[in-house]
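Visitor:
In our numbering, the protein residues as written are 273 to 322.
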């Protein structure tokens with residue numbers, strides 16, 4: 273069986289979870305979820321974050 277990883281942009285993540293971008297920034301700051309590449313200017317989250 274193949275492993276599949278789904279990624280979400282900030283906008284997609286917020287739409288799927290119902291949180292605002294400001295709330296997401298706070299959650300990331302607390303270390304609850306982490307973007308795949310935190311140094312990037314555009315965060316991308318995998319399906320384990322949602």
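Just so it is clear, CB atoms sit at the ideal spot from N, CA and C, and this is done for glycine as well.
Alpha carbon to alpha carbon, what distance is there between residue 306 and residue 317?
Guide: Residue mapping note: residue 317 aligns to position 45 of the chain shown, counting from 1. Residue mapping note: residue 306 aligns to position 34 of the chain shown, counting from 1. About 7 Å.
Visitor: What did DSSP end up calling residue 289 once you bin it into helix, strand or coil?
Guide: Along the chain shown, one-based indexing puts residue 289 at 17. Residue state, collapsed to three classes: helix.
Visitor: Which word fits residue 302, buried or exposed, when buried means at least 16 other C-beta atoms lie within 10 angstroms of its C-beta?
Guide: Counted from its first residue, the chain shown places residue 302 at position 30. Classification of residue 302: exposed, given that the 10 Å Cβ count is below 16.
Visitor: Classify residue 296: buried if its beta carbon has 16 or more other beta carbons within 10 angstroms, exposed otherwise.
Guide: Residue numbering aside, residue 296 sits at position 24 when the chain shown is read from its first letter. Answer is buried; the Cβ neighbour count reaches 16.
Visitor: Output the distance between the C-alpha atoms of residue 284 and residue 292, rounded to the nearest integer angstrom.
Guide: Counting from one through the chain shown, the residue named residue 284 turns up at place 12. Counting from one through the chain shown, the residue named residue 292 turns up at place 20. Looking at the two C-alpha atoms, the distance is approximately 11 Å.
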